[in-house]
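Residue numbers (the numbering used here): 26 to 674.
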């Protein structure tokens, strides 16, 4: 009986042992994350397809589908188009380009690999940055016929910013220049000349043909003059920076895990360092300390955990820790600041402008942030630092950022996980930039809020009124100032304390140094918003009459004030009517091209989407429009004991 059981169980046990042995062998292999980048049509997708094909990692059904797809979408005639292995989107196949980032895993006897195929088109530079953010090595492809292009430089520079220190310069399509060594040597010399400033640790130049497989997984007889390694050989042997366990412990909290009253843990992925039960930790933002009680996983508790492991940490003490905070080593705490310098890669069609606010999102935290200063833009060709007032699509610059609340971070060069962030447009929720923190700004460390005994409430009570900011916005000539002026006269007759901030008047003093570029318009509204906030704090009813053409700046001012204090009033007069009125003769000059950046002519006006009051002015008197504002103020409790007869002036 025992023998029979042994015979029946043995094959299954043997199969399980083989699987376990295989898995154990895979675990021992090192993992290399790399990306392909460069200009469009340099052959990035084809190269990855060739690697997968020549290493026998394509299944028969995949090969059959690839053969079929090549007849429909391929660019190599009757030959298989290996690029289609990673260009999976229909739009990619129709256009013959890469749009999104495609990740592929493959393994050889020596090493495991995760490769990111990234787009070459400038429009999709953001996707290249996404692929580079986790990579250890970049394969920069260059078409042997084209040489070094602008996008080659841009991708190399972004790779260096994102901490990649190993580069393979893959001079592709060498077959199309008759395997010329002179062409190869010139491209290598050109690349090394500009890349010498980027801080790469290794640059391995390899001539190859992704389409035909020359020098991809082994030496090519067509390149007898090349004595270096083939691509796969170099990928298998390039030295990697080992996970530095000496780096301080960083654990960004992604989730407070509290399934019942008896369990409270903090879930996330360890960004760096190691931790074990009994270790002392500190909450980065509050400075409160505790000790690790347990390290919990789905498979049970761990005796220790290190970088890259997803765990739940249970502490000895019931201290306050929330998502966006970080558990850290007590003897090596991160920076906690609300101002810092950073490198930013800009992804949006509309420019980055100092003074405009965005949502800044780190690995776990999210805060409102403002670009307070654009220190300089970096020229992609020469890497020179250029003075600039804005960053356009795909440009790179160094900025100062101020956040509404302090954030915990490390310099990016020390920790890629805790030193990176993205910027999100507040209106569209689109990702508009990616940043790498350089250092905290300490220039305001000695500036603190001064406690005052007389506050806004007491100032307002003294005036027997509720503070408010009435923000009149609309095109030049729409009637903003006329309506605001009449409303103030009526408020004054009621004994209310008011002040008007008028666009033209403010430009004679506070904002006399500003012009009418988009950058200056943003700063114009930022300053006026801060002044309006101070006046509301003084208990005043503030009437602001500004074109204020951009929604983001009007929203920024709204968020400076307490709930209910900001009332957006859209004075809606059609462009044609404003141009017909033209009280200052500005429309005529703008239409003749004598005035630049004139709102409604060659500079946009973004109409409010949900104003507190929408005043359509055509066919209505100023008194009727002012009465609508009266009604709004009454509904919001700004005017007390409202008596319509008292409004007669």
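For each residue, glycine too, the CB sits at the ideal point set by N, CA and C. A quick note: this is a predicted structure, and the numbers were derived from the prediction, not measured.
Between the Cα of residue 448 and the Cα atoms of 276, 372, 563, which residue gives the shortest distance? Here residue 448 corresponds to residue number 423 of the chain shown, with the count starting at 1. The shortest Cα separation from residue 448 among 276, 372, 563 belongs to 372.
In three-state terms, what does DSSP make of residue 133? Working through the chain shown from its first residue, we reach residue 133 at position 108. Coil at residue 133, not helix or strand.
Own chain, CB closer than 6 Å to residue 294, minus 5 neighbours either side, in chain order: The sequence position of residue 294 within the chain shown is 269, counting from 1. Excluding sequence neighbours, residue 294 sits near 335.
Could you tell me if residue 485 is buried or exposed, where buried requires 16 or more neighbouring beta carbons within 10 angstroms of its beta carbon? Sequence index remark: in the chain shown, residue 485 carries index 460 (1-based). When all chains shown are included, residue 485 counts as buried.
For a test of the three-state rule: what should DSSP assign to residue 528, helix, strand or coil? In the chain shown, the residue the question calls residue 528 occupies position 503. Residue state, collapsed to three classes: helix.
Same chain only: Cβ atoms within 6 Å of residue 457, ignoring 5 sequence neighbours per side: Counting from 1 along the chain shown, the entry for residue 457 is found at position 432. Closer than 6 Å at Cβ, skipping near neighbours: 372, 373, 448, 450.
Could you name the residues of the same chain whose beta carbon sits closer than 7 Å to that of residue 75, not counting the 5 residues immediately before and after it, in chain order? In the chain shown, the residue the question calls residue 75 occupies position 50. So the list reads 107, 235, 238, 241, once near-sequence residues are dropped.
Where residue 77 and residue 328 are concerned, what is the direct C-alpha to C-alpha distance, given to the nearest angstrom? Numbered from 1 along the chain shown, position 52 holds the residue referred to as residue 77. Numbered from 1 along the chain shown, position 303 holds the residue referred to as residue 328. Taking the straight line from one Cα to the other gives about 39 Å.
Quick one: measure Cβ to Cβ for residue 522 and residue 488, integer angstroms, because I've assumed they're closer than 8 Å. Walking along the chain shown from the start, residue 522 turns up at place 497. Walking along the chain shown from the start, residue 488 turns up at place 463. With 8 Å as the limit, residue 522 and residue 488 qualify as a contact, their Cβ atoms being about 5 Å apart.
Buried or exposed for residue 344, going by 16 or more other Cβ atoms inside 10 Å? As a working note, residue 344 is residue 319 in the chain shown. When all chains shown are included, residue 344 counts as exposed.
Helix, strand or coil, according to DSSP, for residue 337 in the structure here? Here the question's residue 337 lines up with position 312 in the chain shown. Strand.
Just curious, the alpha helix (DSSP H) that residue 79 is in, first and last residue? Taking the first residue of the chain shown as position 1, residue 79 is located at position 54. It spans 69-79 - the alpha helix (DSSP H) in which residue 79 sits, taken as one unbroken run.
Can at least three beta-carbon pairs, one atom from the segment 585-598 and one from the segment 653-661, be found at a separation below 8 Å? yes
Tell me the DSSP secondary structure of residue 641 in three-state form. Looking up residue 641 in the chain shown gives position 616. Here residue 641 sits in strand by DSSP.
Under 9 Å, do residue 230 and residue 196 count as touching if we go by C-beta distance? Position 205 of the chain shown, counted from the start, is the residue given in the question as residue 230. Position 171 of the chain shown, counted from the start, is the residue given in the question as residue 196. Remark: C-beta atoms of residue 230 and residue 196 approach each other more closely than 9 Å.
Helix, strand or coil: which one does DSSP assign to residue 269? On the chain shown, position 244 is the one that residue 269 refers to. Reliability fails at residue 269, whose pLDDT of 48 lies under 50, so the model's placement of it is uncertain and no value is given.
Candidates 190, 207, 169, of which the one nearest residue 200 by Cα: Translated into the one-based positions of the chain shown, residue 200 becomes position 175. Taking only the C-alpha atoms, the option nearest residue 200 is 169.
Beta carbon of residue 317 nearer than 9 Å to that of residue 355: One-based indexing of the chain shown puts residue 317 at position 292. One-based indexing of the chain shown puts residue 355 at position 330. Cβ distance not < 9 Å, so residue 317 and residue 355 don't count as in contact.
Distance check for residue 529 and residue 512, CA to CA, integer angstroms please. Here residue 512 corresponds to residue number 487 of the chain shown, with the count starting at 1. Here residue 529 corresponds to residue number 504 of the chain shown, with the count starting at 1. Using only the alpha carbons, I get a separation of about 18 Å.
Alpha helix (DSSP H) containing residue 510: first to last residue? Numbered from its first residue, the chain shown carries residue 510 at position 485. Here the alpha helix (DSSP H) through residue 510 covers 505-518.
Taking the straight line between their C-alpha atoms, what separation do you get for residue 423 and residue 465? In the chain shown, the residue the question calls residue 423 occupies position 398. In the chain shown, the residue the question calls residue 465 occupies position 440. Whole-angstrom Cα-Cα distance: 13 Å.
So does the segment 394-410 actually touch the segment 493-501, counting three or more Cβ pairs closer than 8 Å? no
In three-state terms, what does DSSP make of residue 483? The sequence position of residue 483 within the chain shown is 458, counting from 1. Helix at residue 483.
Could you give the C-beta distance for residue 219 and residue 178, rounded to a whole number, given that I count them as a contact under 8 Å? Working through the chain shown from its first residue, we reach residue 219 at position 194. Working through the chain shown from its first residue, we reach residue 178 at position 153. Sure, about 6 Å apart at Cβ, within 8 Å.
Same chain, Cβ closer than 8 Å to residue 632, neighbours up to 5 away in sequence not counted: Locating residue 632 in the chain shown gives position 607, counting from the first residue. Counting only Cβ-Cβ distances below 8 Å, and skipping sequence neighbours, we find 595, 597.
Between 182, 203, 211, which lies nearest to residue 221 when the distance is taken from Cα to Cα? The residue labelled residue 221 in the question sits at position 196 within the chain shown. Closest option to residue 221, Cα to Cα, is 182.
Relative to the C-alpha of residue 609, which residue among 142, 274, 504, 302 is closest? Numbered from 1 along the chain shown, position 584 holds the residue referred to as residue 609. Ranking 142, 274, 504, 302 by Cα distance to residue 609 puts 504 first.
Enumerate, from N- to C-terminal direction, the unbroken alpha helix (DSSP H) stretches of 4 or more residues contained entirely within the segment 556-593. 576-585
Same chain, Cβ closer than 6 Å to residue 642, five either side skipped, listed in chain order: Numbered from its first residue, the chain shown carries residue 642 at position 617. If we look at residue 642 and ignore the five residues flanking it on each side, its Cβ neighbours are 504, 598.
Under the rule that 16 or more other beta-carbon atoms within 10 Å means buried, what is residue 586, buried or exposed? Stepping through the chain shown from its first residue, residue 586 is reached at position 561. Result: buried.
On the three-pair Cβ rule with 8 Å, is the segment 408-416 touching the segment 563-573? The count of Cβ pairs closer than 8 Å, one atom from the segment 408-416 and one from the segment 563-573, stays below three, leaving the stretches out of contact.
Please name the residue or residues paired with residue 166 in a DSSP beta bridge. By 1-based counting over the chain shown, the position of residue 166 is 141. Residue 166 pairs with 63, 195.
Helix, strand or coil at residue 659 according to DSSP, with G and I counted as helix: Here residue 659 corresponds to residue number 634 of the chain shown, with the count starting at 1. DSSP, reduced to helix, strand and coil, places residue 659 within a helical segment of the structure shown.
Are there 16 or more other CB atoms within 10 angstroms of the CB of residue 188, so buried, or fewer, so exposed? Along the chain shown, one-based indexing puts residue 188 at 163. By the neighbour-count rule (16 or more Cβ atoms within 10 Å), residue 188 is buried.
For residue 290 versus residue 321, is the C-beta distance shorter than 9 Å? The residue you call residue 290 lines up with position 265 of the chain shown. The residue you call residue 321 lines up with position 296 of the chain shown. With contacts defined as CB atoms closer than 9 Å, residue 290 and residue 321 qualify as a contacting pair.
Give the secondary structure of residue 648 by DSSP, where H, G and I count as helix, E and B as strand, and everything else as coil. For this step, residue 648 is matched to residue 623 along the chain shown. Helix at residue 648.
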